[in-house]
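Final position of the sequence shown in my numbering is 572; the numbers increase by one with none missing.
Glycine residues also receive a C-beta, built at the ideal position from the N, C-alpha and C atoms.
To start, the structure itself, in structure tokens.
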Amino acid sequence: MAGRKSQKPILRGINGSFRAGRLTAILGPSGAGKSSLLNVLSGFKKNGEFYMLQLLTTKETLRVAADLKLNYKTNKSKKDIMIGEILHLLGLEKTKDTLVKNLSGGEKKRLSIGVELLTNPPVMFFDEPTSGLDSASSLQVISHLKTLAQSGRIVVCTIHQPSSNLFDVFDDLLVLSEGLCLYNGPISEMKLVFENAGFHCPKYYNRADFAIEVACHERGDNIESLIAKYNTSQNKDEEMRPSDEEAVNEESIMLQVPNLDTDESSSESKKSYSRYPVPLWFQIHVLIKRSIWCSSRDIFMMYIRIITHIIIGLTIGAVCYNIGNEASKTASNAACLFYIALCLFTIGPFVTVLVYPMEASVFLQEHQNNWYSLKAYFFSKIIADIPFQILCPSLLLGGAYTLSGQPYDLDRILKSWVLCILMTVCGQTLGLLLGAIFDVQLGLFMTVALNIPMSLFSGFFMRLDDIPDYLKWLTYVSYFRHAFQAEMVNLYGGNREKLNCSEDFCYFQSPQKVLKDFGLSESTYEINLGAILLWLLGSLITFYLVLKWRIYKSR
18 MAGRKSQKPI
28 LRGINGSFRA
38 GRLTAILGPS
48 GAGKSSLLNV
58 LSGFKKNGEF
68 YMLQLLTTKE
78 TLRVAADLKL
88 NYKTNKSKKD
98 IMIGEILHLL
108 GLEKTKDTLV
118 KNLSGGEKKR
128 LSIGVELLTN
138 PPVMFFDEPT
148 SGLDSASSLQ
158 VISHLKTLAQ
168 SGRIVVCTIH
178 QPSSNLFDVF
188 DDLLVLSEGL
198 CLYNGPISEM
208 KLVFENAGFH
218 CPKYYNRADF
228 AIEVACHERG
238 DNIESLIAKY
248 NTSQNKDEEM
258 RPSDEEAVNE
268 ESIMLQVPNL
278 DTDESSSESK
288 KSYSRYPVPL
298 WFQIHVLIKR
308 SIWCSSRDIF
318 MMYIRIITHI
328 IIGLTIGAVC
338 YNIGNEASKT
348 ASNAACLFYI
358 ALCLFTIGPF
368 VTVLVYPMEA
378 SVFLQEHQNN
388 WYSLKAYFFS
398 KIIADIPFQI
408 LCPSLLLGGA
418 YTLSGQPYDL
428 DRILKSWVLC
438 ILMTVCGQTL
448 GLLLGAIFDV
458 QLGLFMTVAL
468 NIPMSLFSGF
478 FMRLDDIPDY
488 LKWLTYVSYF
498 RHAFQAEMVN
508 LYGGNREKLN
518 CSEDFCYFQS
528 PQKVLKDFGL
538 SESTYEINLG
548 AILLWLLGSL
558 ITFYLVLKWR
568 IYKSR
């Protein structure tokens, strides 16, 4: 068909079997289809390493996995026993309290294996488990996989140019070449099968290198007999089935893979997931607990957030010292109120815009592995930071409100406090949204880029009546407008008494005159607060939809 992209077959009629109790290696040159075969068998579209949160310890990583993957009715003592057994089995007991970021490459690999062992799976697939490891760590990881296989599991992993010592640990082998199978069976019989096909392995030569050279046609192109023996398109299925004795004594998994082209749709991978092991409320509980663990370890960011809000609050209070009840400085006090809202909203995104990019790989991996739902992740991100969303604006408002001499009326103080918290939540939600849409750099840029027009249409720098009609609609979506108006109405409305006047004449001595001059005579605190809540709701819905889109794109 004209204009249609050319198709490139990846896997072509492979036939073979993996046996329980034996460690199987999938070997072949780059582009042979090793990872694609594992992806087809495991049901995933893309391959990749196992991602973990860097600020959790080894034991905490296993604890979170146990809470999410096991039945939530399983008591804590039983989970602790399972975690202890896995730590012992994989040689991770000495590193149980070590942060993931401080683990060696081999220890991280073993921890990723331990996470999967919690559910005691009968079949385990590993894509390049030794990548990035030195020879000693690679041998240690593969030896642990051999131990898992000997316990009765089917363990299969792709491997890239293993050394002779590493290759000897494996029991069985599947050799791929250009999407076709050249051998599937015990490693001990590989040389004989290849010799019968006309390929002779030199004495003392690495058998893994020899198999790859045959697959790369470096030892000749006469591989038709091997293709005919191990591929369904040229062989009967019965020839690859285990013997009656094997069928009685061992479990096995048979694989038959039809032709797989690069542009085929993967509708199976887009099917909805089955029910999760634990209910939604428990998923949220575990994810919030995990977020708190990670946040408590990020000491630098925690102190920076607190100190920044204290310093900004004291600075605004010092600059605007005791002007809250002074009629001659009403314009300056309005600026004070505006900048409180501006600072609270601006700081928030810079904190949360980093959250999703740092957790994206972990979130997508765990969600696709059916650990928890999108709703659980969404609500955990919204709830986990609530303590800081209350503490930080309270510290900023405490200094600014007190030093600037605003009215000491409990009702007005509470309304200002609620407004400040809401602006902080809005800012952090915007950060989550921008972080989910863009990368870190572009997300930070968009944070600043959005705040500029929103502040311009706030009614502080320019009277709303003076804005051109075709741009006035932007004033209604400006969060700064509603925050500024709500605070002005809160502090100058409600039948407030006349302001103090330290000069001969003060134009704004009457609070009602202040509101009238700013065009706020008909405005109310509740309407503006409702507008901010609607803006927040819209941001949350958009954030949820973006996360859903991210999941769809990752499949």
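Handout entry: Distance between L359 and V173 (C-alpha atoms, nearest Å)
Key = 56 Å
Practice task
Would you list the residues sitting across from L44 in a DSSP beta bridge?
Solution key: V192
Practice task
Check the C-beta distance from T147 over to V158 and give it rounded, since I have them as a contact under 8 Å.
Solution key: The distance from the Cβ of T147 to that of V158 is about 6 Å, consistent with a contact at the 8 Å cut-off.
Problem - Distance, K90 Cα to G536 Cα - result: 59 Å
Handout entry: Under the three-state DSSP convention, the category S34 falls into
Key = strand
Exercise for the section: Use the C-beta contact count for G33: other C-beta atoms within 10 angstroms, 16 or more gives buried, fewer gives exposed. Expected result: buried
Handout entry: Beta-bridge partners of P296, as assigned by DSSP
Key = P296 is not bridged to any residue.
Exercise for the section: Taking I599 as part of the beta strand (DSSP E), name the residues at either end of that continuous run. Expected result: Coverage of the chain is limited to positions 18 through 572, which leaves residue 599 absent and any answer about it impossible.
Exercise for the section: May I ask which residues mark the beginning and end of the alpha helix (DSSP H) holding Y509? Expected result: 496-509
Practice task
Could you pull out every residue in the same chain whose Cβ sits closer than 6 Å to the Cβ of N350, ignoring the five residues on either side in sequence?
Solution key: I340, G341
Practice task
Please check the pair L106 and T164, which I expect to be a contact at CB under 8 Å, by giving their CB distance rounded to whole angstroms.
Solution key: 7 Å between Cβ atoms; contact.
Practice task
Report the three-state DSSP secondary structure of F187 (helix, strand or coil).
Solution key: Correct three-state label for F187: coil.
Handout entry: F184 versus R170, S155, S433, C353, residue with shortest Cα-Cα distance
Key = S155
Handout entry: Cβ-based neighbour list, A548, same chain, cut-off 7 Å, excluding 5 preceding and 5 following
Key = H499
Problem - Test item: CB-CB of L297 and S390 under 8 Å - result: yes
Practice task
Please classify S411: does DSSP put it in a helix, a strand, or coil?
Solution key: helix
Handout entry: Start and end residues, alpha helix (DSSP H) containing G460
Key = 457-473
Problem - At least three beta-carbon pairs within less than 8 Å, the stretch 124-141 to the stretch 97-116 - result: yes
Practice task
Starting from T441, follow its DSSP beta bridges and name the residues at the other end.
Solution key: Partner(s): none; T441 has no beta bridge.
Exercise for the section: From the DSSP output, read off the bridge partner residues of E343. Expected result: N517
Handout entry: Euclidean distance between Cα positions of Y509 and F380
Key = The straight-line gap separating the alpha-carbon atoms of Y509 and F380 is approximately 47 Å.
Handout entry: Identified DSSP bridge partners for I171
Key = Its beta-bridge partners are V140.
Exercise for the section: Determine, using beta carbons only, whether L354 and F474 come nearer to each other than 8 Å. Expected result: no
Handout entry: Selected residue, minimal CA-CA separation from A83, among L304, V117, E145
Key = L304
Problem - Buried versus exposed call for V465 [16 or more other C-beta atoms within 10 Å across all chains shown] - result: exposed
Problem - I407 versus Y561 - alpha carbon distance - result: Distance between the alpha carbons of I407 and Y561: 23 Å.
Practice task
Measure the Cβ-Cβ separation of T446 and S556 and say whether it is below 8 Å.
Solution key: yes
Practice task
Indicate whether the contact test is met: 3 or more Cβ pairs, each with one atom in the stretch 421-428 and one in the stretch 364-372, closer than 8 Å.
Solution key: no
Exercise for the section: Classify R80 as buried or exposed, calling it buried when 16 or more other Cβ atoms lie within 10 Å of its own Cβ. Expected result: buried
Handout entry: Touch test, the stretch 209-223 against the stretch 234-251, Cβ-Cβ under 8 Å, three pairs minimum
Key = yes
Practice task
Please list, in chain order, all residues of the same chain as T559 whose beta carbon is under 7 Å from its beta carbon, the five residues on each side excluded.
Solution key: L450
Practice task
Look up S201 in the DSSP assignment and say whether it is helix, strand or coil.
Solution key: A quick correction: the sequence has Asn, not Ser, at residue 201. Strand at N201.
Practice task
Please name the residue, chosen from D521, G511, L550, E520, that lies closest to V531 on a Cα-to-Cα basis.
Solution key: G511
Practice task
Report the rounded CA-to-CA distance for K288 versus F143, giving the unit in angstroms.
Solution key: Any answer about K288 is weak, because its pLDDT of 41 lies below 50 and its placement is not dependable; what the coordinates show is given next. About 23 Å.
Practice task
To the nearest angstrom, report how far apart E235 and P46 are at their CA atoms.
Solution key: 11 Å
Exercise for the section: Report all residues from its chain with a CB closer than 7 Å to the CB of Y320; omit the five preceding and five following residues, and keep chain order. Expected result: none
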